[in-house]
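Counted from 1, the sequence shown has number 100 at position 42 by our numbering; the numbering is strictly sequential.
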Amino acid sequence: MSGRQRQTVPVDVHLILRRETGAGPEVLVSRRAGAVYAAGLWHLPSGHLDGPHEDVVDALVREAREETGAVIDRADVRTAVTVHHRAPGGSARVGFFFEVRRWAGEPRVMEPDVCDAMTWVPLDALPAATVAYCRAGLDA
């Protein structure tokens, strides 16, 4: 490895909770709030792995319940895309985006300290104020 240090990057999971309507597909987005990255911008429900032994699907199911109250069965989780993103400041991260079309419960704001709104939007008409990383995952 010629003395180089291995790169380590944060890993996060993103929930594309999708429903079909007469007007076309919609996805659930939440507006970030408080003292968090990208406060005021819209984003998919998302989060990080809880330790080295949690896999990405378990993390997604857990984050969905924690952030939206939606109960998701692992069998209903479909891989959508993986995004390796480098922020303008140079830091990199890897995001796993998963699509879910079946769940139990009505999604709602469960963590008001980091999310002040949640709504369904047309998949092809995301709010202008959407986190670029999230938009890249949905556009892929």
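Where a beta carbon is used, it is the ideal one built from N, C-alpha and C, also for glycine.
In this text the structure is predicted, and so the values were computed from the model without any measurement.
- DSSP, reduced to helix, strand and coil, places Ala133 within a helical segment of the structure shown.
- Apart from sequence neighbours up to five positions away, the residues of its chain that approach Ala91 with a beta-carbon distance below 7 Å are Ala97, Val172, Cys173 and Asp174, ordered along the chain.
- DSSP places Thr177 inside the beta strand (DSSP E), whose first and last residues are Cys173 to Pro180.
- Taking all protein chains shown into account, Ala186 has fewer than 16 neighbouring C-beta atoms within 10 Å of its C-beta and is therefore exposed.
- The residues Val71, Leu73, Pro103, Ser104 and Gly105, in chain order, have a CB closer than 8 Å to that of Glu121 in the same chain once the five nearest residues on each side in sequence are set aside.
- In summary, Tyr191 is buried, with 16 or more beta-carbon neighbours lying within 10 Å of its beta-carbon over all protein chains present.
- Per DSSP, the continuous alpha helix (DSSP H) segment holding Arg193 begins and ends at Ala190 to Asp197.
- About 5 Å separates the Cβ atoms of Pro68 and Arg151, confirming a contact at the 8 Å cut-off.
- In terms of Cα proximity to Arg76, the closest of Val115, His101, Leu181 and Glu169 is Leu181.
- In this structure, Gly80 keeps its C-beta atom at 8 Å or more from the C-beta atom of Val139.
- Following the DSSP letters along the chain, one finds Glu157 in no alpha helix (DSSP H) but inside the beta strand (DSSP E) bounded by residues Ala150 to Val158.
- Between Ala117 and Asp108, the C-beta gap is smaller than 8 Å, which places the two residues in contact.
- About 7 Å separates the Cβ atoms of Leu86 and Thr126, confirming a contact at the 8 Å cut-off.
- Nearest to Asp134 by C-alpha distance, out of Ala162, Gln63, His101 and Val94, is Ala162.
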